[in-house]
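Asks: Sharing a structure here in structure tokens format.
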């Protein structure tokens, strides 16, 4: 008798939260999302690498701060790409959480660069490029966060089911 309410609860939870049912780890759509994210990350990495702080007319200390932000963004992108490959090989919630954090970090680094760039002609085009990259990251981060939360909800539902 206990299994019927438990099964009914599980089905109701899956129907009420369609995100959980649709975006489970390992689904073809999610794997496609990860591959697309990897392609985007490779492009971001390439674009950021073409940015040379030494071409800006800035003080040494400001140039150093900008370059530190750039290097941190590149390191986070490299970490993100490694995590994507790991996730494609073996689905783990911790990889999704790491990806979400890396996307946030890259976004913060790009915002940091834009916020300290001088308002000169030579840096305005780079600021625009970084804002555009940041605009691409936002929706991807939101999609990934929904994936993480949906998977966490699914695990919690399964755990609650096991406790009964």
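In the working numbering, the protein residues as written are -9 to 154.
Cβ coordinates follow ideal geometry from the N, Cα and C atoms, glycine included.
Between the Cα of residue 43 and those of 139, 133, 104, 149, spot the shortest distance and give me the residue it belongs to.
Replies: Counting from 1 along the chain shown, the entry for residue 43 is found at position 53. The residue with the shortest Cα to Cα distance from residue 43 is 104.
Asks: Near residue 69, what residues of its chain come up, given a Cβ to Cβ distance below 7 Å and the 5 sequence neighbours on each side ignored?
Replies: Reading the chain shown from its first residue, position 79 is the one you call residue 69. Contacts found: 92.
Asks: Is the beta carbon of residue 107 closer than 8 Å to that of residue 113?
Replies: Translated into the one-based positions of the chain shown, residue 113 becomes position 123. Translated into the one-based positions of the chain shown, residue 107 becomes position 117. In contact: residue 113 and residue 107 (Cβ atoms closer than 8 Å).
Asks: Which value, in whole angstroms, describes the spacing of the CA atoms of residue 74 and residue 24?
Replies: Position 84 of the chain shown, counting from 1, holds the residue named residue 74. Position 34 of the chain shown, counting from 1, holds the residue named residue 24. Each residue's alpha carbon lies about 6 Å from the other.
Asks: So residue 83 and residue 141 are supposed to be a Cβ contact under 8 Å. How far apart are they, rounded?
Replies: Translated into positions along the chain shown, residue 83 becomes position 93. Translated into positions along the chain shown, residue 141 becomes position 151. About 6 Å separates the two Cβ atoms, so the contact holds.
Asks: Take the Cβ of residue 54 as the centre, count every other Cβ of all protein chains shown within 10 Å, and call the residue buried at 16 or more, exposed below.
Replies: Within the chain shown, the letter at position 64 stands for residue 54. Residue 54 is exposed by the Cβ-count criterion.
Asks: Return the CA-CA distance between residue 146 and residue 26, expressed in angstroms with no decimal places.
Replies: For this step, residue 146 is matched to residue 156 along the chain shown. For this step, residue 26 is matched to residue 36 along the chain shown. Answer to the nearest angstrom: the Cα atoms are 28 Å apart.
Asks: Do the stretch 30 to 47 and the stretch 123 to 131 meet, that is, are 3 or more Cβ pairs less than 8 Å apart?
Replies: Result yes; three or more Cβ-Cβ pairs closer than 8 Å.
Asks: Would you decide whether residue 157 is buried or exposed? Buried here means 16 or more other CB atoms lie within 10 Å of its CB.
Replies: Within the shown structure, residues of the chain are numbered from -9 to 154, placing residue 157 beyond reach of any answer.
Asks: Check residue 108 in the structure and name its three-state DSSP category.
Replies: For the purposes of this step, residue 108 is identified with residue 118 of the chain shown, where counting begins at 1. Note: residue 108 maps to coil in three-state DSSP.
Asks: What residue range is occupied by the uninterrupted alpha helix (DSSP H) comprising residue 61?
Replies: Locating residue 61 in the chain shown gives position 71, where the first residue counts as 1. Residue 61 -> alpha helix (DSSP H) spans 50 to 79.
Asks: Would you list, in sequence order, the uninterrupted alpha helix (DSSP H) runs of no fewer than 4 residues that lie entirely inside the stretch 22 to 47?
Replies: Those alpha helix (DSSP H) runs which fall completely within the stretch 22 to 47 and span 4+ residues do not exist here.
Asks: Expressed to the nearest angstrom, what Euclidean distance is found between the alpha-carbon atoms of residue 85 and residue 117?
Replies: Along the chain shown, read from residue 1 onward, the residue named residue 85 stands at position 95. Along the chain shown, read from residue 1 onward, the residue named residue 117 stands at position 127. Residue 85 and residue 117: Cα-Cα distance of roughly 30 Å.
Asks: Could you check if residue 61 is buried or exposed, using at least 16 other CB atoms within 10 Å of its CB as the buried criterion?
Replies: Taking the chain shown and counting its residues from 1, one reaches residue 61 at position 71. When all chains shown are included, residue 61 counts as exposed.
Asks: Just mark residue 131 as buried or exposed, buried being the case when its beta carbon has 16 or more other beta carbons within 10 Å.
Replies: As a working mapping, residue 131 is identified with position 141 in the chain shown. Answer is buried; the Cβ neighbour count reaches 16.
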